[in-house]
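In the working numbering, the protein residues as written are 107 to 491.
Spelled out as structure tokens, the structure:
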């Protein structure tokens, strides 16, 4: 039978004294003079070595305006030169105040060999706007390894001439393509204007004194863009006036038009008119009355053509859809102005709410709310009765 005994490992520097007795006198002195190593063996793993760039970063800009109107779109084109051959990302740091809006933070850089270019767009909210400098940083693994700073010459922001109907828009030109006014609820109408403008930010379009307004379906770029402006207006308002500042002529230009309820669509994206079941009911009764009158003609004239027409009127009256499709808007569901992804929400259901279904368009359903308002809800937010 064999027995195994566990024994603590002995360091070469902890040799028992009995072992040193076997050494000569001189050897024991040498051995005892050796001290244990104080080397730290607690090595840190995966130490990340900071990247050090071996290239230069040169930052320039093209000519930019020294005088700008408040609300006017202006740009600064950056030119960055670097022969950095490793993967990197750009990061922009602006030394500015809150009175200046940076409109395109997700820059698109265009590369030509070792030169990168990007255009930065700005808009001043007030004449107190300030832009001191632009810093371009090169980052790798979200860490900055190189940067360059561009000092901006002082830009003067001039107040824009205005009037009571000013739309806060400064542009090279503005055209009105279409206008449509539809019933929104029992007290208000919704007006839609299709805008086309050059060298401006159409998102800035708004008029003081209008409680509910906005810009939808913005397309294009800052150089040439189109969008729909909507406003909820009292149904007793018969005219709509607004102005914008033309920076080419340095003058206010005014627009004025009458508000007329219309049934035709402004576009396939802005079908807001409800399908009136009451109107269909009136049409049914009207056809029946016409049929009765034509039967009277048949009685006196014995015209079989009149009898055929009367028969067609009666059949058409029965075929008209006067049924009402109802549904339930789920609690928490939100209702939009338009049946588009980025449209503005104007209503949120607090509880399950009975509604009337007026129409369908792709993933949206046009509904009539209990308070008389008309809007669009996602089909997943409704359940049919």
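Think of the CB as a built atom: it goes at the ideal place given N, C-alpha and C, for glycine as much as any other residue.
Query	Result
Presumed contact (8 Å Cβ cut-off) between residue 437 and residue 455, rounded CB distance	6 Å
Neighbour flag for residue 192 against chain C, beta carbons, 8 Å	Of the chains in the structure shown, none is chain C; there is only one protein chain.
Option nearest residue 281 by Cα separation, candidates 359, 179 and 441	359
Three-state secondary structure assigned by DSSP to residue 382	In this prediction, residue 382 scores a pLDDT of 46, lower than 50, which makes its location untrustworthy; the coordinate-derived value is nonetheless stated afterwards. Coil, per DSSP.
Given residue 479 as reference, the closest of 244, 408, 189 and 291 once Cα atoms are compared	291
Option in 240, 315 and 323 with minimal Cα separation from residue 269	315
Residue 487 burial status per 10 Å Cβ neighbour count (16 or more: buried)	buried
Assumed close pair residue 344, residue 317 - CB separation to whole angstroms, cut-off 8 Å	Residue 344 to residue 317, Cβ: 18 Å. No contact.
Contact the stretch 173 to 183 vs the stretch 249 to 269: 3+ CB pairs below 8 Å	yes
Member of 448, 339 and 193 whose CA lies at the smallest distance from the CA of residue 367	339
Delimiting residues of the beta strand (DSSP E) encompassing residue 431	431 to 435
Rounded straight-line distance, which links the Cα of residue 294 to that of residue 399	39 Å
Same chain, Cβ closer than 7 Å to residue 207, five either side skipped, listed in chain order	228, 229 and 231
Same chain, Cβ closer than 8 Å to residue 411, neighbours up to 5 away in sequence not counted	none
Closest Cα partner of residue 312 within the set 203, 333 and 247	333
Residues that residue 466 bridges to, as DSSP identifies them	471
Among 350, 392 and 305, the one whose alpha carbon lies nearest that of residue 331	305
The ligand PLP heavy atom lying under 7 Å from the CB of residue 259	Annotation note on the ligand PLP: not contained in the displayed structure, which lists no ligands.
Helix, strand or coil at residue 422 [DSSP, three-state]	helix
Cβ distance (whole Å) where residue 199 is taken to contact residue 165 below 8 Å	At roughly 12 Å, the Cβ-Cβ gap does not stay under 8 Å, so residue 199 and residue 165 are not in contact.
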